[in-house]
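> Pasting a structure below so you can have a look.
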Amino acid sequence: MSDDCTTSTPLLSAPAGAASISVTSAGAYAYGSWVEFIAASSAPIHAAGVMLGAGTNTTIKWVEVEIGVGAAGAEVTMVRDQMYIASSGGSTRSRLLEAPVYLGGVGTRVAIRQRNDGTAMIGWAMSLLYYASLSSEHVTDRLLTAVPTGAVGALVTTPASLWAWSPWVELTAGIANEIAMSGLVVTNTGAAADMEWEIGIGAAGAEVGVTRVRAPTSGTSTGSMRVFRLVAAHPIAPSTRIAARVRRGHATSTTLRVQLRYFNDTAFL
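This is how it looks when you write it as structure tokens:
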């Protein structure tokens, strides 16, 4: 096995040796202020993920987190990640990225902000997971994001029949540049059942499936979010309409939320 995609570089967290930092939204799907996690990196830095724990929230929330770099007031987003967190008192989520994302060289300032579907200003304790002077070729400097963004995902309703496909639901009418799909972010069903998602391309009513994701769910966390990754990123041509549909081994109808995760370029590694 090639060691190009392995590393002996330790995974680190910020803040180190201190409590996680509270990051607060500004209301329903409004980003709060950027919160500094690293004032100036002592080495080239790659983001690896975010640890998010329960805070002032008391109900299930869909959360979108951005990791940015640059001077205060001029931050540039490098990662846009989605996750679920339940009520305060637990439900910590660790979101590891599909590949470490290069943030910058020595002296890079790193900050985080978040927004969610709550109507009130809600804060959660967060930690940044990162590598310093990472030795690996399994890295990227491309933006990792999702569609739809700034919303709780596209809504898809499953039929009340075992393994019957739902209608296709549009995830994006098209992205101007070529992208590399990396997976789906999906809410749980609240019922223990196997699910199979299909991602398709093409005009409404004439979608063609290009890949599928198997997605088993538990019945213990209604509303919780699952991330289902493709084994290898899938390229999509510019301005291509992308849709998704689902079928599952449960004979009741339910409504799910789904987002497509992707790198904003196919040359992401």
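Residue numbers (the numbering used here): 1394 to 1662. Ideal Cβ positions, reconstructed from N, Cα and C, are used throughout, including at glycine.
(1) Would you mind working out which of S1554, A1569, F1621, I1568 sits nearest T1580, comparing C-alpha positions?
(2) What does a CB cutoff of less than 6 Å around R1488 pick up in its chain, not counting 5 residues either side in sequence?
(3) Do you know whose CA, among G1425, I1572, L1577, A1625, lies nearest R1381's CA?
(4) Can you give, in chain order, each stretch of the alpha helix (DSSP H) that sits fully within the stretch 1501-1541 and has at least 4 residues?
(5) By the 10 Å Cβ neighbour count, where 16 or more other Cβ atoms means buried, how is R1605 classified, buried or exposed?
(6) Measure the beta-carbon distance from S1554 to A1626 and round it to whole angstroms, keeping in mind my assumption that it falls under 8 Å.
(7) Check the DSSP bridge columns for A1421 and list the partner residues they point to.
(8) Assign V1499 to one of three DSSP states: helix, strand, or coil.
(9) If contact is defined by three or more beta carbon pairs under 8 Å, each pair taking one atom from either stretch, is the stretch 1518-1530 in contact with the stretch 1597-1604?
(10) Should V1540 be flagged as near chain D, meaning a C-beta pair shorter than 7 Å?
(11) Classify G1446 as helix, strand or coil using the three-state DSSP reduction.
(12) Buried or exposed: P1408, going by 16 or more other Cβ atoms within 10 Å of its Cβ?
Put simply:
(1) F1621
(2) G1442, V1443, D1474, M1476
(3) Beyond the ends of the chain as shown, which are 1394 and 1662, falls residue 1381; an answer cannot be given.
(4) none
(5) exposed
(6) Their Cβ separation, rounded to whole angstroms, is 33 Å, which puts S1554 and A1626 out of contact at 8 Å.
(7) N1509
(8) coil
(9) no
(10) This model lacks chain D altogether; it includes just one protein chain.
(11) strand
(12) exposed
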